[in-house]
Amino acid sequence: MIRGFEKYIEVEESAPDTKHCHNEAAWHNVPHLKERLRFWSDPDTELELAKNTGDSVFRMGVDWSRIMPKEPMDGLKETVNVAVLERYKWIIHRVRSYGMKVMLTLFHHSLPPWAGDYRGWKLERTVGYFMDFTRLVVDSVSDVVDYWVTFNAPHVFCLLTYCTGAWPGGHPDALEMLYMKCPEQQRMQQPTIWLVVSTLPRLQCVYSFMSVLMRS
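So the sequence shown is residues 32 to 247, counted in our numbering.
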């Protein structure tokens, strides 16, 4: 999460904890920022632009933090924001109404603050939480999604979160900071392992659900 972003949240959600909002440069240098962050409440502006350029596939993502704003330690019932899921489904239907197919990304560098508190992908329990999140999204929107992306550029996420500490949630220690002097494959090894561990069952979840859907 980025400092200043809480000012531009468009629905009735609690603002993110400012202790996670320490990376600001990319946003404070953009003119008319508030007018550029309205896809959640006004997707048609961007969808019309995409359609007019001749795009046939529209890629978008779902925010794990929006859907599960709290750590689901006691299950999903008290954690999941159902209204957010319904909003995403509505947006996806808007994409399709423009004649475009939908490519949905499940993890585009949006690590929930609650996961960042315990160092996220460094701990195996994040895999289980991500599987719960994935099943939830697949069950909700798989009938209107054409293509799936599991992780967007996981090597970039690992590098900037767990090695340089530029993104929140990694809490790299002194030894990990020294990994920056090592070859790339070494300094990203452990968090990348957990990303791979979670990828395989997630793909099984999606493909199994799709198989059932196509047979029905």
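Glycine residues also receive a C-beta, built at the ideal position from the N, C-alpha and C atoms. Just so we're clear, the structure is a prediction, and the values are computed from it rather than from any experiment.
- Per the coordinates, the alpha-carbon of T192 lies some 16 angstroms from the alpha-carbon of S96.
- Bounds of any alpha helix (DSSP H) do not take in M99, whose DSSP letter is neither H nor E.
- Judged by beta-carbon spacing, P103 lies beyond the 8 angstroms limit of G147, meaning their Cβ atoms are not closer than that value.
- The continuous alpha helix (DSSP H) containing K82 extends over residues P74 to N83.
- As for any beta strand (DSSP E) of minimum length 3 sitting wholly inside the region 129-172, the runs are 132-138, ordered along the chain.
- Residue environment: Y178 is assigned as exposed (fewer than 16 neighbouring CB atoms within 10 Å of its CB, all protein chains considered).
- Per DSSP, reduced to three states, the secondary structure at W179 is strand.
- Counting C-beta atoms within 10 angstroms of its own C-beta, T76 has fewer than 16 neighbours from the protein chains shown and is therefore classed as exposed.
- Counting of Cβ neighbours within 10 angstroms places V93 among the buried residues, the total reaching 16 or more.
- Bounds of the beta strand (DSSP E) holding V88 are V88 to G92.
- The straight-line gap separating the alpha-carbon atoms of F70 and E155 is approximately 33 angstroms.
- Ranking P143, C189 and K108 by CA distance to the CA of P100 puts P143 first.
- For C189, the uninterrupted alpha helix (DSSP H) segment begins and ends at P185 to C189.
- The three-state reading of DSSP puts V111 in coil, since its state is none of H, G, I, E or B.
- For the set H139, V176, V175 and D174, the Cα lying nearest the Cα of F161 is the one of H139.
- Assignment of T195 by DSSP, reduced to helix, strand and coil, places it in the coil class.
- Between the C-alpha atoms of V169 and D163 there is a straight-line separation of about 10 angstroms.
- The Cβ atoms of V180 and K132 lie no closer than 8 angstroms to each other.
- DSSP places R127 in the helix class (H, G or I) of the three-state scheme.
- When DSSP states are grouped into helix, strand and coil, D174 belongs to the helix group.
- With contacts defined as CB atoms closer than 8 angstroms, V187 and I123 fail to qualify as a contacting pair.
- In this structure, the CA atom of G201 is about 38 angstroms from the CA atom of K82.
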